[in-house]
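J.: Just dropping this structure here.
Residue numbers (the numbering used here): 5 to 482.
Written out as structure tokens, the structure reads:
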């Protein structure tokens, strides 16, 4: 073997090893950890955003973008929502005839990234009756790097709708997850019946993140009789935002939640029920009785043949398999509700009395603190980097946690039906729910040297801010 050949082999081996190390590092992260880390700027995880079309959007559960109207419908007052649901035909949010149209923003992804996105699309097509069709106009998903971070709209909203995938989001499981939102799915841990299966430890979650762990209203969610799924690609991990923030009532599933490999059996079951795939793919066999193979079995066209399908074996690469004799006596492990216990909400200690951990939520917090961000962007650093900024014991400060709070308060969102709880969590200062202190005193109490650059109060009233104000006021007068 000559020197040139040896050199080429060494380079190839080095690249391969680096790729394996990178893949191993990524694999260790759960869905929620990837979403949190992928936001190139802290502002990507703000609660309120403006879409390219100029519409005010609300971020729910870290990665779902909703219009103000949608938020009020899905997360607002139950009685108001129930009345509005009669007119809202939520089935219209499904993609007609199971055809999902999409396009790539022309310059946003390289060939490798496009291949990963296509692999995620293939998984949806392979295990459901959804057909993904390239398009450049009309109702369609636009894959783009977007405004930073990983996010999607909820269901088909009409016209172009974004699935935002910044560089850190382009992994098969994450893309599958965001497509799940686009076809109409919420997060599994946000199901109205979640308390029968998990415990959300609000006493371990910083109060400024509580709104990201609210359940959806029973009147807005259809389970299609599919049981709660710990293995769902739509489920966050047990350490979302805080250590042990979510605990499975059945301890066996604690390390299962948060997987990002791909669709689970019950994900596939739900998609097929939601889009009526059995009748579409197997019209002459759709009434075939599959219950003899267990409660989870259903009719599906597998490898070109209509047959009853059951969960794949544990550890199998395929989440579904043709039902066989073994399934007549052994069914999929049912997600049986475990009696829930009551957790007393606390902002400082856990139910066991141990103090809440003081942690950073982003990997770059130490560098951001070194760059002076604790003073220059105090509110966002309070949200993401309490440990690095030494903000851990400053929970009682009177501040807004989103730059749009003053303008939303001006639009009377502090008292608007469906927004009261969200605004009370995010905009205490603007909603006059606490006593403001002098900015210099706030800096002193936060441990920031007086005279350091600070965004509190925000002195730069930009053109963008003026546009925000105009749009919010216009919306309130509409």
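Note that CB positions come from ideal geometry on N, CA and C, so glycine has one too.
Between the C-alpha atoms of residue 67 and residue 39, what's the straight-line distance to the nearest angstrom?
T.: Each residue's Cα considered, the two are about 7 angstroms apart.
J.: Kindly identify the DSSP beta-bridge partner or partners of residue 325.
T.: For residue 325, which the question treats as bridged, DSSP gives the partners 314.
J.: If you follow the beta strand (DSSP E) that residue 169 is part of, which residue opens it and which one closes it?
T.: Run containing residue 169: 164-169, per the beta strand (DSSP E) assignment.
J.: Determine the DSSP secondary structure at residue 269, reduced to helix, strand or coil.
T.: Three-state result, residue 269: helix.
J.: For the stretch 362-445, list the alpha helix (DSSP H) runs that are entirely contained and at least 4 residues long, ordered along the chain.
T.: DSSP runs (the alpha helix (DSSP H)) wholly in the stretch 362-445: 369-374, 377-380, 382-388, 390-393, 409-414 and 424-430.
J.: With burial defined as no fewer than 16 other Cβ atoms inside 10 Å of the residue's Cβ, what is the status of residue 296: buried or exposed?
T.: Under this definition residue 296 is an exposed residue.
J.: Within the same chain, show all residues whose beta-carbon is closer than 8 angstroms to that of residue 514, passing over the 5 residues directly before and after it, in chain order.
T.: Absent from the structure is residue 514, since the part of the chain shown begins at 5 and ends at 482.
J.: Residue 63 by DSSP, collapsed to three states: which one?
T.: Correct three-state label for residue 63: strand.
J.: Thinking C-alpha only, which one of 126, 203, 315 and 112 is nearest residue 149?
T.: When each option's Cα is compared against that of residue 149, the closest is 112.
J.: Apart from the five residues just before and just after residue 327, which ones in its own chain have a Cβ nearer than 6 angstroms to its Cβ?
T.: These residues qualify, in order along the chain: 297, 301, 312 and 314.
J.: Thinking C-alpha only, which one of 424, 403 and 325 is nearest residue 438?
T.: The shortest Cα separation from residue 438 among 424, 403 and 325 belongs to 403.
J.: Does DSSP classify residue 55 as helix, strand or coil?
T.: Of the three classes helix, strand and coil, the one that applies to residue 55 here is coil, per DSSP.
J.: Between which two residues does the beta strand (DSSP E) holding residue 285 run?
T.: Element bounds for residue 285: not the beta strand (DSSP E) but the alpha helix (DSSP H), 281-285.
J.: Locate the beta strand (DSSP E) running through residue 204, then write down its first and last residues.
T.: Run containing residue 204: 202-204, per the beta strand (DSSP E) assignment.
J.: Quick one: give me the first and last residue of the alpha helix (DSSP H) that residue 131 is part of.
T.: 115-131 is the extent of the alpha helix (DSSP H) around residue 131.
J.: Quick check on residue 126: buried or exposed, where buried means 16 or more other Cβ atoms within 10 Å of its Cβ?
T.: Answer is exposed; the Cβ neighbour count stays below 16.
J.: DSSP state of residue 230, grouped into three classes?
T.: It is coil, neither helix nor strand.
J.: So which of 288, 293, 96 and 77 has the shortest CA-CA distance to residue 220?
T.: Taking only the C-alpha atoms, the option nearest residue 220 is 77.
J.: Counting Cβ pairs, one atom from each stretch, are 3 or more of them under 8 angstroms apart for the stretch 380-391 and the stretch 52-60?
T.: Too few Cβ pairs lie closer than 8 angstroms, so no.
J.: Between residue 272 and residue 235, what straight-line distance do the alpha-carbon atoms span, to the nearest angstrom?
T.: Looking at the two C-alpha atoms, the distance is approximately 11 angstroms.
J.: May I have the straight-line CA-CA distance separating residue 413 from residue 264, to the nearest angstrom?
T.: Cα to Cα, the separation comes out at about 38 angstroms.
J.: Check each candidate in 74, 225 and 132 and name the one with the smallest Cα separation from residue 183.
T.: Ranking 74, 225 and 132 by Cα distance to residue 183 puts 132 first.
J.: Hey, out of 266, 432, 46 and 34, whose CA is closest to residue 129's CA?
T.: Of 266, 432, 46 and 34, the residue nearest in Cα terms is 266.
J.: Quick check on residue 255: buried or exposed, where buried means 16 or more other Cβ atoms within 10 Å of its Cβ?
T.: With fewer than 16 Cβ atoms within 10 Å of its Cβ, residue 255 is classed as exposed.
J.: For residue 141, tell me which candidate among 100, 369 and 162 has the shortest Cα-Cα distance.
T.: Nearest C-alpha to residue 141: 162.
J.: Using a Cβ-Cβ cut-off of 6 angstroms (strictly less than) and excluding sequence neighbours within five positions of residue 427, which residues of its own chain qualify?
T.: 417, 418 and 435, listed in sequence order.
J.: Give me, in chain order, the residues of the same chain whose beta-carbon lies closer than 7 angstroms to that of residue 18; leave out the 5 immediate sequence neighbours on both sides.
T.: Only weak support is given to the placement of residue 18: the predicted model assigns it a pLDDT of 38, under 50, and the question is left unresolved by the model.
J.: Going along the chain, which residues of its own chain have a beta-carbon closer than 8 angstroms to the beta-carbon of residue 41, five neighbours each way excluded?
T.: 33, 172, 366 and 367, listed in sequence order.
J.: Kindly list the residues whose CB is nearer than 7 angstroms to the CB of residue 178, restricted to its own chain and excluding five residues on each side of it in sequence; keep chain order.
T.: Answer for residue 178: 35, 38, 154 and 264, listed in chain order.
J.: Mind checking whether residue 193 and residue 240 have CB atoms under 7 angstroms apart?
T.: Cβ atoms of residue 193 and residue 240: closer than 7 angstroms.
J.: Quick check: residue 285 and residue 230, are their CB atoms within less than 7 angstroms of each other?
T.: It is not a contact, given that the beta carbons lie outside the stated cut-off.
J.: Is residue 235 helix, strand or coil by DSSP?
T.: Residue 235: coil per DSSP, three-state reduction.
J.: Just to confirm before moving on: does the CB-CB distance between residue 323 and residue 269 stay below 7 angstroms?
T.: Contact: yes.
J.: Is the beta carbon of residue 118 within less than 6 angstroms of some heavy atom of the ligand SAM?
T.: With respect to the ligand SAM, the structure offers nothing, as it holds no ligand at all.
J.: How is the alpha helix (DSSP H) around residue 73 delimited, first residue to last?
T.: 72-79 is the extent of the alpha helix (DSSP H) around residue 73.
J.: Buried or exposed for residue 460, going by 16 or more other Cβ atoms inside 10 Å?
T.: Residue placement at residue 460 is poorly supported in this model, since its pLDDT is 43, which falls under 50; the coordinates are not used for a value here.
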